[in-house]
Amino acid sequence: MKQINYLLLFFLLPLCSLKAQTPEELKSWLPEIDGWEISGEVEVFNSDNLFDRINGAAPLFIENNFREMTSMEYKKGSEYITIQAYRHATPEDAFGMYAAERSSDLAYLPVGGEAQGDKTNLYFFAGNMYLKMWSNASGDVSEELQAIGKALAGRLDADAGYPSVIRLFPAEGQVPYSAAYITSNFIGHEFLRAVYTVKYEKEGQTFQLFVLDGGSSAGVKNILIRYMAFTKQADELKEGALLVKDRYNGDIPVLWKGRYLIGVYNENGDTVAGGDDLLKELAGKL
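FYI, in mature numbering (1 follows the signal peptide of the UniProt record, and there is no 0) the residues of the sequence shown are -20 to -1, 1 to 266.
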């Protein structure tokens, strides 16, 4: 009986850390900020009414398995700080949504798994949440935003970071802050889902290394069947190296290993120098 209880605890602990954060919990985690008052008003949105608040941006959130958004505020006279906390199905989805909205106009800041911001804005991910914060203050409130962000991130996931698969990608040649997670429609194909990707610059070439998680070997095979039907290839499908001849994206070398399909993609369709070695290196870590 004790052994069964220990096993149950082993499987339930990871789930506890990803439990659904209620709007009440999120509000209770807001820290006191000198000179600012936490508003008693909390708004909650789901996939049925998210359009009412963010309109045209809603489809991308829903594509990234959005579940619920909690909107909270701090006030100081006519000034405010708004916090929108988007809960997604998984930490990968939250990271993917954050990565999709990265901006070259913002600085990177030490909050959560990764953060960007400026004097009046802060965006970051932690756990299965993507948080967007901004203020109408006329001055610099970056310090206040980061204090709020760090308090929330510490409660959501004190060890927030990139998904474990992303951390396995070869370091040499990586373009900083290019890691992403694509829930569907990778390189224009609806069936290419759950894709981890990082951009590289090596030997004068720019390309992407990617890992598709099919959930199982059978899942990857089903994806390849659809892909080969699209490319009109009759190749035998078995684990190992394959070449996908995509008429829209060029030749894409891939390596099938268990639940994963590892590939290297160049937008120009050019052969990536050392691409096969990169595939083998990454496959060896999975």
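Every residue, glycine too, gets a C-beta built ideally from N, C-alpha and C.
Just the C-alpha distance for Val191 and Ile242, rounded to the nearest angstrom, thanks.
4 Å
For Thr211, the three-state DSSP class (helix, strand or coil)
helix
Check whether the segment 126 to 144 and the segment 97 to 108 are in contact - that is, three or more C-beta pairs closer than 8 Å.
yes
Quick one: what does DSSP say Leu189 is sitting in, helix, strand or coil?
strand
Endpoints, beta strand (DSSP E) assigned at Gly97
Glu94 to Gly97
Simplified DSSP state of Ile42, which is helix, strand or coil
helix
Looking at the structure shown, is Val91 part of a helix, part of a strand, or coil, going by DSSP?
coil
For Glu12, collect the residues of the same chain with a Cβ closer than 6 Å to its Cβ; drop the 5 residues on either side in sequence, then sort them by chain order.
none
So, at 7 Å on beta carbons, what are the nonlocal neighbours of Leu258 in its own chain, with the 5 sequence-adjacent residues on each side left out?
Pro150, Leu189 and Val244
Own chain residues within Cβ distance below 6 Å of Gly57, not counting five before or after
none
DSSP state of Asp231 mapped onto helix, strand, coil
strand
Is it buried or exposed, Lys225, if we count other Cβ atoms within 10 angstroms and call 16 or more buried?
exposed
For Asn101, collect the residues of the same chain with a Cβ closer than 6 Å to its Cβ; drop the 5 residues on either side in sequence, then sort them by chain order.
Trp114
Assuming Ile34 is part of the alpha helix (DSSP H), what are its boundary residues?
Phe31 to Ile34
Check whether the segment 115 to 130 touches the segment 139 to 147, counting contact only when three or more Cβ pairs, one atom from each stretch, lie closer than 8 Å.
no
Nearest to Lys212 by alpha carbon, out of Arg227, Asn248 and Lys218?
Arg227
Which of the three DSSP states is assigned to Ser197 in this structure?
helix
For Val252 and Gln185, which I take to be in contact (beta-carbon distance under 8 Å), what is that distance rounded to the nearest angstrom?
6 Å
Of all the options Leu262, Trp236, Gly230 and Thr163, which has the alpha carbon lying nearest to the alpha carbon of Glu43?
Thr163
Please confirm whether Tyr110 has its beta-carbon closer than 8 Å to some beta-carbon of chain C.
Given the protein chain composition of this structure (a single chain), no chain C is represented.
Mapping the DSSP letters down to three states, classify Lys265 as helix, strand or coil.
coil
Enumerate in chain order the residues of its own chain whose CB-to-CB distance from Asn246 is below 6 Å, with the five nearest sequence positions on each side excluded.
Phe187 and Val252
Would you kindly check if the distance between the Cβ of Phe31 and the Cβ of Tyr66 is under 8 Å?
no
Can you list, in chain order, the residues of its chain with a C-beta nearer than 6 Å to that of Ile232? Leave out the 5 residues immediately preceding and following it.
Val224, Asp226, Gly243 and Tyr245
Is the separation between the beta-carbon of Ile63 and that of Met52 shorter than 8 Å?
yes
When Gly195, Glu183 and Val234 are compared against residue 285, the one with the closest alpha-carbon
Only positions -20 to 266 of the chain appear in this structure, which leaves residue 285 out of reach.
Return the first residue and the last residue of the alpha helix (DSSP H) that Glu124 is part of.
Ser122 to Leu136
Is Gly255 helix, strand or coil by DSSP?
helix
Between Gly238 and the rest of its own chain, which residues show a CB-CB distance below 7 Å, the 5 nearest in sequence each way excluded?
Ser197
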